[in-house]
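One structure below.
Listed below in structure tokens is the structure:
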């Protein structure tokens, strides 16, 4: 397979590769990096790039099969999310003894959830379109950031102690979540 890519030079010290939703491959390299080094990096990562391209293709097909969301669809999804997500947060907060401040529900383009240092929890309204256990896994993930503002082993141990099926749900979200984001 012939790969088409763009090399971007930046002030970063390391090289990275990103596969965009339009299947564009972006290679970021430090300033002054010779092109042949970037091309060698691409060849070394060819299997990873191929897997990412297949994932983007699969998610595009899934999104197409589900159809685009209208403004009215999004309004109804947000309304539903404002009821369901706080209920799930409250359930898991009580179960785990974790406190939080406020809950914000938005239509986000790339995130499913986040937690601020102030204890505010943010969720993507599209979570209510997914299987309930996927939504719950994101809720638990963000609640656990109230105790661990990182992705350390302690953080994941806490997540798994509250939600033992987290790894399966996280894998599902990584494989399928992009399709939901492509619908808007």
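In the working numbering, the protein residues as written are 1 to 184.
Glycine included, C-beta positions come from ideal geometry on N, C-alpha and C.
Given the structure is predicted, the values throughout are model-derived calculations rather than measurements.
What are the uninterrupted segments assigned as alpha helix (DSSP H) that are 4 or more residues long and contained completely in the region 98-146, given in chain order? 132-144, all fully within the region 98-146.
Start-end ranges of the alpha helix (DSSP H) lying completely within the region 4-57, minimum 4 residues: Under the rule that a run must span 4 or more residues, the alpha helix (DSSP H) segments found entirely inside the region 4-57 read 35-44.
Helix, strand or coil at residue 176 according to DSSP, with G and I counted as helix: Walking along the chain shown from the start, residue 176 turns up at place 176. Collapsing the DSSP output to three states places residue 176 in a helix.
Between the C-alpha atoms of residue 28 and residue 161, what's the straight-line distance to the nearest angstrom? Along the chain shown, read from residue 1 onward, the residue named residue 28 stands at position 28. Along the chain shown, read from residue 1 onward, the residue named residue 161 stands at position 161. Taking C-alpha positions only, residue 28 is separated from residue 161 by approximately 38 Å.
If you draw a straight line from the alpha carbon of residue 61 to that of residue 183, how long is it in whole angstroms? What you label residue 61 is simply residue 61 of the chain shown in a count that begins at 1. What you label residue 183 is simply residue 183 of the chain shown in a count that begins at 1. Looking at the two C-alpha atoms, the distance is approximately 11 Å.
CA-to-CA distance, residue 119 to residue 85, given in whole angstroms: By 1-based counting over the chain shown, the position of residue 85 is 85. By 1-based counting over the chain shown, the position of residue 119 is 119. For residue 85 and residue 119, the distance between alpha carbons rounds to 16 Å.
Just how far apart, CA to CA, sit residue 23 and residue 46? For the purposes of this step, residue 23 is taken as the residue at position 23 of the chain shown. For the purposes of this step, residue 46 is taken as the residue at position 46 of the chain shown. Each residue's alpha carbon lies about 14 Å from the other.
Who are the near neighbours of residue 141 in its chain, counting only those whose CB is closer than 7 Å to its CB and skipping five residues on each side? Counting from 1 along the chain shown, the entry for residue 141 is found at position 141. Cβ contact annotation for residue 141 (same chain, cutoff 7 Å, sequence separation greater than five): 113, 159, in chain order.
Do you know offhand how far residue 95's Cα is from residue 74's? By one-based count along the chain shown, residue 95 stands at place 95. By one-based count along the chain shown, residue 74 stands at place 74. The straight-line gap from Cα to Cα measures roughly 31 Å.
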